[in-house]
Amino acid sequence: MEITHENYEKLKQEINFHNYQYHVNDAPLISDAEFDHLLIELREMEGVHPEWVSPDSPTMRAGSVISEKFAKVPHPAPVLSLANAFNKDDVRAWFERQVKTDPSLEACAFMLEPKIDGLTVVLRYENGILVQGVTRGDGIIGEDVTLNVRTIKSIPLRIPVKSADIEVPSVLVVRGEVFMFNSDFEKLNEELIANGEQPKLNPRNAAAGSLRQQNSGITAKRPLSIYTYQILYYEGGSIPQTQHERLEYLRELGFPVSDESHYYEDFGSMLKGLDRWTEVRETIDFDIDGVVIKIDDLTRAEALGFVGKDPRGQIALKFPAREVTTVLENIGVNVGRTGVLTPFAMFEPVVCGGVTVSKATLHNFDFIRDRDIRIGDRVLIKRAGDVIPYVIGPITEARKGDEKVFTAPQTCPVCGHKTEHLEGEVAVYCVNASCPAQLIRNVEHYASRGAMEITGLGIKVVEQIVNADLVHDVSDLYILSKEELLSLEGFADKKAENLLEAIEASKQQPLNRLVNALGIRGVGEAMAEMLANNFGSIDGIADAGKETLESIEGIGPNIAQAIVDWFEQDSNKIIVERLKRFGLDPRIEIQPKNMKEDLPLYGLNIVVTGTLQAYSRDGIKALIKENGGKSADSVSKKTDYVVVGDNPGSKAGKAAKLGVPIISEQQLLEMIRR
Ligand code: IVH
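Spelled out as structure tokens, the structure:
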């Protein structure tokens, strides 16, 4: 393209338009390479004519300028906040108050918008060009973060983005919320961790840190997004006077606006509309901390005035916070059924996600080390939906210096046996098979739903029988007597009989359940079923050996090793023997389809030559493969058999020369049928 000012302007517009298609509309019209090419062309023009470069040039997004500190900028109108409601009653009471002031509102329409958990930015456009981006600050004066804001790709540098024929006020000041999509946040954290940097605590924290970066080069690398929702101020021209039309107007100018914002005709339908937000919160890819309820008619809404910094015409219905901070008082350690030690956090009770919590998981010891979580730290915890509460990480800024670093225990907290940490594995184990902590969970697992399903043998009863020394391993269940049970608290005739009956009935459970019940590390319901189908009996599995186990689709070396180890341990051999003696030795017919080694042609290299009777060339090759063999095209020393049909080629001769056995199609089929 010839370097003229007109072409330069055209190219600039074109790039800004494609940028909008990509980042706002999610509908790119050209490839990334084509886009890059346009940018290169623009840079070339700017190299020749630096005087042309204006703030709306896409090259200004690059962001590498370091600003010492942010200049203070007064806002053209107060950047207000919102009063909170916590339930529908609060919302009703709010609306009643407004109707009292202005009875005509009785029949007014509303907008419901996501209350995005991000940071307010105020974007100033003069004659359609982005000239300034400012943080909220105290609502009157904010900080100039223009260089950083320009790096956010979904923010238009010039409006309208599309060539649409819309009149834009000479000064337009738009308010929006800068945030990070959850998926972008996760990607960013993966990158930070891979680079050995501390991950960010949550999307909001990541967005905040990125927006207030002194070096806009860093901001440019952060995946920030924006949704706009308010026109704070304008001069010249006119703008729509209802909220739903304003959002539409912002959209038309090229600003990103959330699709989750909806219009409601009246108060009743709006109240109903609030119900969908619990689900919306679970499904959208960004964090929201509530729903903003706005009277749609902005003239009447504004006429209601303010209470302090909160406009009366709008209110936020807040969700219970899912993330809260509290003080980590101690770190406890649980011993699981398979001997895995798992750390958990004990903290000052806090309300999180609507319930009071005082414990949360810490995943594993590596997590504590990687996140540098110390006892005494103020920590951020999260509880969302059905997920059990977990610690996200420490608020390092709140450290006083007396926090204590925690190290993984060298001995089992329950039995005192030395712990083991396998090379390359995250978990720390107690390998003492008779560790009481493991025994209780072992028995509980043995009796559980997907395993032997012994009704009446829940964790409480298991604790009773183990603590009373009645059961030392699962096989002891089958010699429990009524008298013994009656000696336990809460056991009367009926309860004892029922339990004994349920234990007796468990002898009829099929092999897969028994295999699962044994509690071998890595062997859950699905794996147990696979083992049962492939080996047909407990002895079959015990005798299989690592290689055979590994040859089964879905069993990796670690699980194969765990199975071998389990059956090799003397205490487990005794358990299996005793179970058999008590009548627990279920068997099923083997379905060997999963075992490569059992296939009739396993490991054989077979070459076919000549025309066959029953099979085409491709057909016979597939048949060989299905039966575990490999079919090659040429004969070599590695060939095990050459199948010869009518009119064979030179391969038959070569086979004879090398001494490779020659067989007929019929003979091959017999090998398979065997
Ligand atoms: S309206 C007068 N709408 O929530 C206008 N605010 O405490 C008041 N926020 O600081 C704000 N999403 O940063 C509005 N759709 C939305 C919003 C929203 C997020 C933030 C905003 C404000 C805070 C309210």
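Under this note's numbering, think of the first position of the sequence shown as 1104, with each following residue one higher. Where is the CB? At the ideal position from N, CA and C, for every residue including glycine.
Host alpha helix (DSSP H) of Phe1643 (start-end): For clarity, residue 1643 is Gly in the given sequence; the question names Phe instead. For Gly1643, the enclosing alpha helix (DSSP H) starts and ends at 1641-1645.
Pair within 8 Å by beta-carbon distance, Asp1129 and Leu1233: No; because the gap between Cβ atoms is not below 8 Å, this pair is not in contact.
Any non-hydrogen atom of the ligand IVH closer than 7 Å to Leu1185 Cβ: A heavy atom of the ligand IVH is found nearer than 7 Å to the CB of Leu1185.
Other residues of its chain near Val1383: CB distance less than 7 Å, five sequence neighbours each side excluded: Excluding residues within five positions, the ones whose Cβ falls inside 7 Å are Glu1363.
Beta-bridge pairing of Glu1338 - partner residues as DSSP gives them: According to DSSP, which records beta bridges pairwise, Glu1338 is partnered with Val1274.
Option in Asp1135, His1108, Tyr1111 with minimal Cα separation from His1121: Distances from the alpha-carbon of His1121 to those of Asp1135, His1108, Tyr1111 put Asp1135 closest.
Burial state of Thr1381 (16 or more Cβ within 10 Å): Taking every protein chain shown into account, the CB of Thr1381 has fewer than 16 other CB atoms within 10 angstroms, so this residue is exposed.
For Thr1107, the three-state DSSP class (helix, strand or coil): Here Thr1107 sits in coil by DSSP.
Contiguous alpha helix (DSSP H) assignments of at least 4 residues, all confined to the segment 1560-1617: Listed in chain order, they are 1562-1570, 1585-1589, 1596-1608.
Rounded C-alpha distance that separates Asp1688 from Val1443: Distance from the CA of Asp1688 to the CA of Val1443, rounded to the nearest whole angstrom, comes to 29 Å.
Proximity test, Ala1419 beta-carbon vs the ligand IVH heavy atom, cut-off 7 Å: Closer than 7 Å to some heavy atom of the ligand IVH: that describes the Cβ of Ala1419.
The beta strand (DSSP E) enclosing Ile1398, as first and last residue numbers: Boundaries of the beta strand (DSSP E) harbouring Ile1398: 1391-1398, taken from the DSSP string.
Length of the line joining the Cα atoms of Glu1280 and Leu1617: The C-alpha of Leu1617 is placed about 56 Å away from the C-alpha of Glu1280.
Alpha helix (DSSP H) segment containing Gln1201, residue limits: Per DSSP, the continuous alpha helix (DSSP H) segment holding Gln1201 begins and ends at 1191-1204.
C-beta atoms of Ile1623 and Val1679 nearer than 8 Å: It is not a contact, given that the beta carbons lie outside the stated cut-off.
Residue environment, Val1458, which counts as buried when at least 16 other CB atoms sit within 10 Å: The residue in question, Val1458, is exposed, as its Cβ has fewer than 16 Cβ neighbours within 10 Å.
Touch test, the segment 1290-1307 against the segment 1408-1418, Cβ-Cβ under 8 Å, three pairs minimum: Short answer: they don't touch.
Stretch-stretch touch, CB-based, cutoff 8 Å, three pairs: the segment 1246-1255 with the segment 1398-1412: No, they do not touch.
Residues near Val1176 in its chain [Cβ-Cβ closer than 6 Å; skip 5 each side]: Closer than 6 Å at Cβ, skipping near neighbours: Val1237, Gly1245, Asp1247.
Alpha-carbon spacing of Ile1321 relative to Lys1290, whole angstroms: Between the C-alpha atoms of Ile1321 and Lys1290 there is a straight-line separation of about 16 Å.
Delimiting residues of the beta strand (DSSP E) encompassing Pro1452: Looking at the DSSP string, the run of the beta strand (DSSP E) that includes Pro1452 is 1443-1455.
Limits of the alpha helix (DSSP H) - the one that Gly1439 falls within: Unbroken run through Gly1439: none, as it is neither H nor E.
Pro1446 Cβ short of 7 Å to the ligand IVH heavy atom set: Pro1446: no, Cβ never under 7 Å from the ligand IVH.
Cβ contact check for the segment 1556-1575 and the segment 1583-1593: 3 or more pairs under 8 Å: In short, these stretches touch, since the Cβ pair count reaches three.
Contact test: Glu1363 Cβ vs the ligand IVH heavy atom, cutoff 7 Å: No, the Cβ of Glu1363 stays beyond 7 Å of every heavy atom of the ligand IVH.
Secondary structure, beta strand (DSSP E): runs of 3+ residues fully inside the segment 1223-1275: Here the runs fully enclosed are 1232-1238, 1244-1246.
Stretch pair the segment 1472-1488 + the segment 1423-1436: three plus CB contacts closer than 8 Å: Under the 8 Å Cβ criterion, the segment 1472-1488 counts as touching the segment 1423-1436, having at least three qualifying pairs.
Span separating the alpha-carbon of Tyr1337 from that of Pro1492: Cα-Cα distance, rounded: 46 Å.
Residue environment, Glu1294, which counts as buried when at least 16 other CB atoms sit within 10 Å: It counts as exposed.
C-alpha gap between Ser1167 and Ala1323, whole angstroms: Caution is warranted here: a pLDDT of 48 is assigned to Ser1167, below 50, making its placement in the model unreliable, and no coordinate value can be reported.
Helix, strand or coil at Ile1691 [DSSP, three-state]: Coil, per DSSP.
Outcome for Thr1522 when other beta-carbon atoms lying within 10 angstroms are tallied against a minimum of 16: Under a 10 Å Cβ-count criterion, Thr1522 is classified as buried, with 16 or more other Cβ atoms of the shown protein chains found around its own Cβ.
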